[in-house]
Structures are given as C-alpha cells and as structure tokens.
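Reviewing the structure listed below.
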C-alpha cells in the first residue's frame, strides 16, 4: 500500500479549507484517509498552516511520501 501525505479539501464553494491527511494513494482526494495530521487555511493572511510534527515524522519514517 503506497501511502501519501496530502491535502483533503473541505469548506464551502470559493472558500477552501484543507486538512493535511495521510491516505492511500489509490483513494480519491476527499475520500477515505488513515490519519489527520494538520490543517491549512489559504484564505488567512498570512496563510494559516498547522501540522503535528511528531505524526508527520512518524509517517515519513514509515515510508509515506508527501505530495507537492
């Protein structure tokens, strides 16, 4: 199972808000995920980003690949 760290879009139309999640690479963007590790709000000025460093490090050590 190839695991990716990627953004999962939530929020209203024209008001994006993203969760940073660990998910199987075969699942859809907003589909099933394994663990929620943070969030990203691009509309805040400056952009609001929070990622749990311990969870991210654990997943990357286990082979999870971050997306662009």
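In the working numbering, the protein residues as written are 773 to 840.
A virtual CB, placed ideally from N, CA and C, is assigned to each residue, including glycine.
*asked:* For residue 784, count the other beta carbons within 10 Å of its own beta carbon; 16 or more makes it buried, fewer makes it exposed. Which is it?
replied: Here the question's residue 784 lines up with position 12 in the chain shown. Exposed, by the Cβ-count rule.
*How many angstroms separate the CA atom of residue 808 from the CA atom of residue 774?*
In the chain shown, the residue the question calls residue 808 occupies position 36. In the chain shown, the residue the question calls residue 774 occupies position 2. Roughly 17 Å separates the two Cα atoms.
*Taking the Cβ atom as the reference point for each residue, do residue 802 and residue 778 lie within a distance shorter than 7 Å?*
Here the question's residue 802 lines up with position 30 in the chain shown. Here the question's residue 778 lines up with position 6 in the chain shown. Cβ atoms of residue 802 and residue 778: not closer than 7 Å.
*Per DSSP, which one or two residues make a beta bridge with residue 799?*
As a first step, residue 799 must be located in the chain shown, where it is residue number 27. None, per the DSSP bridge assignment.
*Within its chain, find whatever has a CB closer than 6 Å to the CB of residue 838; leave out the 5 residues flanking it on each side and keep chain order.*
Position 66 of the chain shown, counted from the first residue, corresponds to residue 838. 777.
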